[in-house]
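In the working numbering, the protein residues as written are 356 to 663. Presented below is the structure to which this report refers.
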Amino acid sequence: MNNYMSISRKDFLKACTLAAGGIILKSSNILGQLQEKTEGFITLRDNFGIYIERGGTIAWLASSDAVVVVDSQFPDTAKNFTASLQKITPRKIDLLFNTHHHGDHTPGNVYLKNYTAKIVAHENCIELQKKSYGNDPGKPQVYADTTFKDEWSAILGKEKITAKYFSPAHTGGDSVIHFESLNIAHVGDLVFNRTFPYIDLAGGGSVVNWINVLEKVIKYYSKETLFIFGHGITNEFVTGSMQDVNLMKDYISALVDFVSNEIKKGRTKEQIALADEIPGFKDLKEMRAGLKKMNLEKTYDELTKNKN
Ligand SMILES: [Zn+2]
């Protein structure tokens, strides 16, 4: 997503309660302020977890022979994340991945670069990052030093980490980062879990092709894969299963079907954008006001782009 979401303490506590048993909090209870800064550092497995503060979900693997991080949020939140990470390992980050270029997933590179040996992203990700933010002095950028076209892998300690590009969807440069032994995949913003996605046609995205990409993701990973999503309607939904990936695919399919039928009926963009609901997704909630309308408008734009 291109705009950060804020996480309320209430939502976070709700998430922890719901996930009781699977989540071990690493935050300190000594100082309220310190706790506030570290409350989003969540352990999902012995040496693997997520960090939620502001922006896209960060994933981390921290063992004696490998430290791997996926996405970096913002410089200030990346600093808070690093403070928590350093409590469990003195090792620097071997690999930092950016799932895509958006300004709530990559700006923290600026802070993390001092602790990181290698930053990896899809080749389109850095081009889009340069195009979107590279000329803005108010938005300093650190770009990946290692890029790939289709797939990139590394073996670190007991873990093999593979980044894969499936083709345009949320942007023109989304990748999925798979921790193969753990069978955990961070899909970035390919899934906005239980909420309307941000669609970035200018950033090379495609609503229509997003369906194909999610079909490939569903085929490539397994029912046992634990998925990490860039965003969820609440913190409890930033991780999930293949069921959630399927739901996202069903939503995008319903969106494309609905808008193309409305176009066939002769409805204008303005009329279509006023629709109350996408059929089958009446209860879907917005992370911020206007995203449903934006979904309808962007889908209209893509479906009519060669006909104007
Ligand atoms: Zn995004």
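In this text, a Cβ means the ideal position worked out from N, Cα and C, and glycines have one as well.
Residue environment, residue i, which counts as buried when at least 16 other CB atoms sit within 10 Å
i    : result
L399 : buried
E664 : Any answer about residue 664 is impossible in this case: the structure gives the chain only from 356 up to 663.
G410 : buried
Q598 : exposed
T659 : exposed
P634 : exposed
L651 : buried
Q626 : exposed
E579 : exposed
E535 : exposed
D555 : buried
L629 : exposed
S577 : exposed
Which of helix, strand or coil DSSP assigns to residue i
i    : result
I618 : helix
T594 : strand
T437 : helix
E506 : strand
G543 : helix
A630 : coil
F636 : coil
Q496 : coil
D602 : It should be pointed out that residue 602 corresponds to Leu in this sequence rather than to Asp. Three-state DSSP puts L602 in a helix.
A557 : coil
T432 : helix
K578 : coil
I607 : helix
I474 : strand
Range covered by the beta strand (DSSP E) that runs through residue i
i    : result
E514 : 514-520
E652 : Counting along the chain, E652 falls outside any beta strand (DSSP E), though it belongs to the alpha helix (DSSP H) covering 646-659.
I583 : 581-583
H533 : 530-534
L450 : 448-452
F403 : 403-406
I413 : 413-418
E421 : Sequence check: residue 421 is Ala here, not Glu. Counting along the chain, the beta strand (DSSP E) containing A421 begins and ends at 421-425.
Enclosing alpha helix (DSSP H) for residue i [first to last residue]
i    : result
K574 : 562-575
I397 : I397 -> not in any alpha helix (DSSP H); beta strand (DSSP E) instead, spanning 396-400.
I481 : 478-488
Y466 : 464-467
Nearest-angstrom Cβ-Cβ length linking residue i and residue j, presumed shorter than 8 Å
i    : j    : result
K473 : L440 : The Cβ separation is near 16 Å, so there is no contact.
A476 : A499 : 4 Å
A557 : F452 : With 8 Å as the limit, A557 and F452 do not qualify as a contact, their Cβ atoms being about 23 Å apart.
I448 : T471 : 4 Å
K504 : E478 : 6 Å
V572 : F521 : 7 Å
L545 : L581 : Not quite, the Cβ-Cβ distance comes to about 15 Å (not below 8 Å), so this is no contact.
H457 : T526 : 7 Å
I539 : V423 : The Cβ separation is near 11 Å, so there is no contact.
I583 : V593 : 7 Å
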